[in-house]
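Enquirer:
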Amino acid sequence: MIRNDTPILIGVGQLTVRDEPLDALSTPMDLMVRAAIRAADDAHVLRRTLASLDAVVVVKSFREPMRNSPAILARKLGAMQAETWLTPDGGQAPQALANRFAAEIAAGRKRFVLLAGAEAMDNARRLIKSGTKPDWSQPADRDADLLWPDKPMVTAHERAHGIWAATNNYALLENACRHHAGRSIDEHQMAMGELFAGFTDVAAQQEHAWFPIRRTAAEIAQTGPKNRFVAWPYTKFMNAMNQINQSAALLMTSVGEARRLGVPQDRWLFLHGCADTTELWYMHERQNYFSSPAMRLMAERAFAMAGRSIDEIDLIDIYSCFPSAVQIGRDALGIAHDDPRPLTVTGGLPYHGGAGNNYSMNAIANMADRLRAAPGRFGLVTANGGYLSKHAAGIWSTDPVSGEARWQRADPSGYQPLIDGLPRPPFTETPSGTGEVETWTVTFDRNGEPTGAVVVGRLGAHDDPQATRFIANVADDRDLLLSMTQADLVGLSGTVATDDKLGRNMFQAA
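Residue numbers (this note's numbering): -3 to 506.
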């Protein structure tokens, strides 16, 4: 007997639109409304049932076009009594919301919940190109309430040196991963291509993929007219694609409410395990740039809750904004490098496309479809926000949660101190003297020309955890910048000092 207060996912809706007429382009709100209706249809409930929602939560759009999108969405669905919330930026939000509201439902604090999000950045781009500025605002009497506090992802010092763009930061992680793996630059470039070629194989079979195109490892790894470097070693084909028009929505409720609504049991998805963690917050605080203690803890807690191991998971979707996110996630989850299981059910952010912060809602929706098609299997979705900063995981199955006790999620505040208490490396904003490169990246413009470099180093040995860390740039010299893409610089010795005129630290190789 399944307890009536057990939380379940009952409906999923997805939408990808392209090539609409310029005078009838979908807005993010249009996409969310349509995805919510699809979720109701998927749950086999009447669309007017959405009026009885008691919570509507929207994952923030990258270009949030409305003052209060959750309240507007609730109003359009007739859910006039629903609480409404908006999440701050962060790609972990969809799975984190599922975890959080499963607990709210199990405790009886919520009854019927809609989670939704969308991006229409491709439509916005088309409007701008046509000479029209997008105006998708709609009237609201107040600002949206944030479900949890927002917090800046970077310090002013990090931003001044280029550690704020996701492409730069994940490229810094990537070069550290390559060095840690002991690969040459050429070997690692092809390894990244091979990793993501498998993602394109999955995307090519997906109805909602923005780029349902198989690509070879060489196509992904090697630069060309359509595949320039963005932040070395990343080519354009390795980057998350947010210039899309996509939406996804999830409907969650309890077993008892699902029975009352007449939702067939073959629609039900159970959340067997879940966890949420946060890394040491700022990039300069990380213990290293090739591993994630927070993801490892997240995996331990989620698998312990589910009573399963990674070997018992049939389907996997690792958040895939860049190759380093997949590699570090794979290692944290304990997945062997030669494991035959695909690491995505969608094709990933570069090929399925990522609706900004909302990508993992598409992953959960795809996972639900796959699990329903083969009842009894288990699927894992991981989600990541910031710069491998904020993490969430969910283990889903059509199999009911076992046991007579009420479904209960461990409060993340109980285990997050295990990460918060980790030692941080010493750090200085005003380094002076000799040091070694810990990791680095070179940035490129749209014409394929190098524009600068970011260096993270240590005043001492690069692998000494007690050596003081620093952030720096290098001289704006094209030949120098290109040379930095042709050799492993980890461990390279040089001098660093603050340039008062530039207001930045500058590193020069010895």
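Glycine is no exception: its CB is placed at the ideal position from the N, C-alpha and C atoms.
Model, not experiment: these values are computed from the prediction.
#1: Using 7 Å as the threshold, is the C-beta distance between tryptophan 206 and isoleucine 159 below it?
#2: Buried or exposed for asparagine 501, please, with buried defined as at least 16 other CB atoms from any protein chain shown within 10 angstroms of its CB.
#3: Can you tell me the Cβ-Cβ gap for threonine 340 and serine 305, rounded? I've got them flagged as a contact below 8 Å.
#4: Any idea what DSSP makes of phenylalanine 233, helix, strand or coil?
#5: When the Cα atoms are used, what is the spatial distance from threonine 151 to glycine 382?
#6: Does the Cβ of glutamate 154 have 16 or more other Cβ atoms within 10 Å, making it buried, or fewer, making it exposed?
#7: Evaluate contact between the segment 171 to 181 and the segment 277 to 296, counting only Cβ atoms and requiring at least three cross-stretch pairs below 8 Å.
#8: Does the separation of the CB atoms of alanine 116 and leucine 265 fall below 7 Å?
#9: Terminal residues of the continuous beta strand (DSSP E) containing serine 393?
#10: Which whole-angstrom value is the C-beta distance of alanine 89 and valine 55, which I expect to be below 8 Å?
#11: Once the 5 residues before and after threonine 80 are set aside, which same chain residues still bring their CB inside 6 Å of it?
#12: Note the first and the last residue of the continuous beta strand (DSSP E) segment covering threonine 249.
#13: Can you tell me which of the three DSSP states asparagine 469 falls into?
#14: Could you check where the beta strand (DSSP E) with methionine 508 kicks off and where it finishes?
#15: My assumption, with CB atoms under 8 Å, is that serine 393 sits in contact with valine 377. Please give the rounded CB distance.
#16: Tell me which residue opens and which closes the beta strand (DSSP E) that cysteine 173 is part of.
#17: Do you know offhand how far valine 8's Cα is from glutamate 183's?
#18: Taking the CB atoms as reference points, tell me whether valine 198 and glycine 343 lie closer together than 7 Å.
#19: What residue from Ser243, Arg96, Lys497 and Phe58 has the CA that sits closest to threonine 406's CA?
#20: Which same chain residues end up closer than 8 Å to aspartate 495 when comparing Cβ atoms and leaving out the 5 residues on each side of it in sequence?
#21: Once you ignore the five residues that flank serine 22 on each side, which residues in its own chain have a CB closer than 7 Å to its CB?
#22: Look up threonine 491 in the DSSP assignment and say whether it is helix, strand or coil.
Expert: Walking through what the data contain:
#1: no
#2: buried
#3: Not quite, the Cβ-Cβ distance comes to about 20 Å (not below 8 Å), so this is no contact.
#4: helix
#5: 13 Å
#6: buried
#7: yes
#8: no
#9: 386 to 393
#10: 5 Å
#11: Val52, Pro66, Ala67 and Ala70
#12: 241 to 250
#13: strand
#14: No answer is possible for residue 508: it lies beyond the span of the chain, which begins at -3 and ends at 506.
#15: Not quite, the Cβ-Cβ distance comes to about 12 Å (not below 8 Å), so this is no contact.
#16: No beta strand (DSSP E) holds cysteine 173; the alpha helix (DSSP H) holding it covers 162 to 177.
#17: 40 Å
#18: yes
#19: It is alanine, not threonine, that sits at residue 406 in the sequence shown. The option with the nearest alpha carbon to alanine 406 is Arg96.
#20: Asn501 and Met502
#21: Val13, Glu16, Ala116, Asn119 and Asn241
#22: strand
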